[in-house]
Amino acid sequence: MTSVDGALTLGLIAPTGGATSPAVAILFLSVTAAATRLNLWLAIGLAVVLGTAYLAVALLIDADDVPLEQRLVAGVWWPLYLLFMAVFGGSLALYAERAHAARAAANAEALAEHFAAEEERDLRARLLEAYSAQHDGLRAILHDFRTPVSSLRALSAQLGDPRGRLDDEQRATAQRLVAEHAEHLSTMLDALSDVTASKSPTQPAGQPRTVGLHELLLASSDAAGLHPPRLRLNVTPPDAVVRIDTQRIRRVLTNLIDNAARHGEGEPVEVAATVAPTEVRFDVLDRGPGLAPEQLEAVKRKDVSLGEASGGTGLGLWIVEQIVQAMRGELDLAVRPGGGLAATVRVPLR
46 MTSVDGALTL
56 GLIAPTGGAT
66 SPAVAILFLS
76 VTAAATRLNL
86 WLAIGLAVVL
96 GTAYLAVALL
106 IDADDVPLEQ
116 RLVAGVWWPL
126 YLLFMAVFGG
136 SLALYAERAH
146 AARAAANAEA
156 LAEHFAAEEE
166 RDLRARLLEA
176 YSAQHDGLRA
186 ILHDFRTPVS
196 SLRALSAQLG
206 DPRGRLDDEQ
216 RATAQRLVAE
226 HAEHLSTMLD
236 ALSDVTASKS
246 PTQPAGQPRT
256 VGLHELLLAS
266 SDAAGLHPPR
276 LRLNVTPPDA
286 VVRIDTQRIR
296 RVLTNLIDNA
306 ARHGEGEPVE
316 VAATVAPTEV
326 RFDVLDRGPG
336 LAPEQLEAVK
346 RKDVSLGEAS
356 GGTGLGLWIV
366 EQIVQAMRGE
376 LDLAVRPGGG
386 LAATVRVPLR
């Protein structure tokens with residue numbers, strides 16, 4: 046369009062005075078527009094072409110009897126002026142274009158650095174989260190090693206008593222419990238290998254097994270160091286057998302019974318299991334000091350202990366909550382009428 050504008054302007058200059066025509070100012074505008082839209086060399090080329098054409102028009106057309114010298118001066122001055130404007134305008138446009146490119150490059154670099162920093166922060170956060178999860182998993186499993194190891198120590202002392210205080214039935218029961226605790230500890234050792242790979246290392250999944258509820262409660266209570274007459278078991282129906290993840294549910298029951306035994310102030314602890322069509326319910330009831338209603342949810346959080354003198358690590362109920370949630374179950378804590386705490390776990394049957 047700039048070349049067309051220039052041609053039309055030259056056509057207008059010829060009949061309106063030639064060298065003295067005011068329309069020559071339109072050539073200035075055409076070159077200025079070309080300098081801003083075209084590259085430098087194209088703008089200079091257009092200025093040379095228009096200036097040469099104007100010089101020819103100024104010398105060949107004498108519309109107002111203008112002396113040749115005056116027409117020559119105008120015919121030379123305007124082309125030189127057009128050339129100057131092409132160089133000046135084109136240089137400014139080139140400088141602005143390069144400045145814009147530099148700003149765009151700087152912005153792109155800053156944006157890339159921002160994204161890189163964000164990615165680095167996200168990666169650091171994921172690594173810290175993974176490390177924290179693995180650390181929590183190790184703490185949870187090591188915490189759960191405590192009660193069965195203590196029970197094994199007590200059973201081995203009874204079995205090794207040279208005075209032979211155990212009768213044949215008691216000795217057989219003790220030997221069976223030792224075997225069950227050893228198997229449970231072996232399963233937990235296998236779970237340690239899952240800690241580094243599991244998305245939920247605090248409660249690595251085990252294999253579902255068919256187990257009698259009475260035997261499961263008895264083994265969990267023994268692992269927690271709780272025995273009759275202080276232990277009171279109740280299974281409904283009495284011969285109930287379920288298919289369940291025994292590794293995880295035993296960790297749940299052992300932690301709950303251990304808490305009840307430690308906080309029960311020597312009073313009997315009731316442990317019950319009830320089978321429904323779609324779920325199994327476990328209740329652990331003690332007569333300890335209990336909790337205030339506003340503490341029932343807070344005590345499920347990690348590193349929250351039931352009391353300064355409890356000797357606990359603040360992990361037991363948090364571990365229970367994590368495992369129960371992984372089993373798609375529910376953990377409810379309630380204050381018992383007459384004092385004490387009632388812990389109820391509901392787990393869907395497979």
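Heads up: the sequence shown at position 124 corresponds to 169 in our numbering, and the numbers run straight through without jumps. Glycine included, C-beta positions come from ideal geometry on N, C-alpha and C.
Problem - Uninterrupted alpha helix (DSSP H) stretches inside the stretch 252-294 (no shorter than 4 residues) - result: 258-268
Problem - First and last residue of the uninterrupted beta strand (DSSP E) at Leu376 - result: 375-380
Exercise for the section: With Glu324 as the anchor, note down where its beta strand (DSSP E) starts and where it stops. Expected result: 324-330
Handout entry: From Ala101, Phe133, Val132, residue whose alpha carbon lies closest to that of Ala119
Key = Ala101
Exercise for the section: Throw me the rounded Cβ distance for the Ala318 and Val280 pair, which I believe falls under 8 Å. Expected result: 5 Å
Exercise for the section: Check Leu386 in the structure and name its three-state DSSP category. Expected result: strand
Problem - Residues that DSSP places opposite Thr407 in a beta bridge - result: In this structure the chain extends from 46 to 395, so residue 407 is not present and cannot be described.
Practice task
Could you tell me which of Leu95, Ala131, Ala269 sits nearest to Ser195, measuring between CA atoms?
Solution key: Ala269
Practice task
Grab the span of the alpha helix (DSSP H) containing Gln370 for me, first residue to last.
Solution key: 361-371
Handout entry: Through-space distance from Gln292 to Arg221, alpha-carbon basis
Key = 17 Å
Problem - Three-state secondary structure assigned by DSSP to Pro393 - result: strand
Practice task
Quickly, what does DSSP pair Val35 with across the bridge? List them, please.
Solution key: Residue 35 cannot be examined here, being either before or after the span of the chain that is shown, 46 to 395.
Problem - Contact between the stretch 270-279 and the stretch 312-327 (3+ Cβ pairs under 8 Å) - result: yes
Practice task
Compare the C-alpha of Pro393 against each of His259, Val329, Gly374, Ala387 and name the closest.
Solution key: Gly374
Practice task
Compare the C-alpha of Pro282 against each of Arg198, Leu386, Val325 and name the closest.
Solution key: Val325
Exercise for the section: Please name the residue in Val390, Arg148, Val121 whose C-alpha comes closest to that of Arg296. Expected result: Val390
Problem - Residue burial classification, Gly361 (beta-carbon count within 10 angstroms, cutoff 16) - result: buried
Exercise for the section: Let me know the secondary structure DSSP gives Glu114 once reduced to three states. Expected result: helix
Handout entry: Straight-line Cα distance separating Val320 from Ala285
Key = 7 Å
Problem - Cβ-based neighbour list, Asp267, same chain, cut-off 6 Å, excluding 5 preceding and 5 following - result: Ser196, Leu222
Practice task
Can you give me the Cβ contacts of Ala88 inside the same chain, cut-off strictly under 6 Å, excluding the 5 residues immediately before and after it?
Solution key: Ala79, Ala80, Ala131, Gly135
Exercise for the section: Confirm, please, whether the CB-CB distance from Thr218 to Ser265 is below 9 Å. Expected result: no
Exercise for the section: Taking the CB atoms as reference points, tell me whether Gly384 and Arg332 lie closer together than 9 Å. Expected result: yes
Exercise for the section: Express the C-alpha separation of Ile368 and Ala146 in angstroms, rounding to a whole number. Expected result: 58 Å
Exercise for the section: Please state whether DSSP places Glu342 in a helix, a strand or coil. Expected result: coil
Practice task
For Ala354, count neighbouring C-beta atoms within 10 Å of its own C-beta (all shown protein chains included) and say buried if the count is 16 or more, exposed if not.
Solution key: Residue confidence for Ala354 is low, a pLDDT of 40 falling below 50, so the modelled location carries little weight and cannot support an answer.
Handout entry: Cβ distance (whole Å) where Ala388 is taken to contact Leu378 below 8 Å
Key = 6 Å
Exercise for the section: Could you tell me which of Leu336, Arg288, Arg166 sits nearest to Arg395, measuring between CA atoms? Expected result: Arg288
Exercise for the section: Compare the Cα-Cα distances from Arg82 to each of Pro112, Ala141, Leu125 and report the closest residue. Expected result: Ala141
Handout entry: Distance between Ile364 and Leu230 (C-alpha atoms, nearest Å)
Key = 17 Å
Practice task
Using three-state DSSP, classify Glu353 as helix, strand or coil.
Solution key: Here Glu353 scores only 43 on pLDDT, less than 50, and its place in the model should not be relied on; the value that follows carries that caveat. In the structure shown, Glu353 sits in coil (DSSP, three-state: anything other than H, G, I, E or B).
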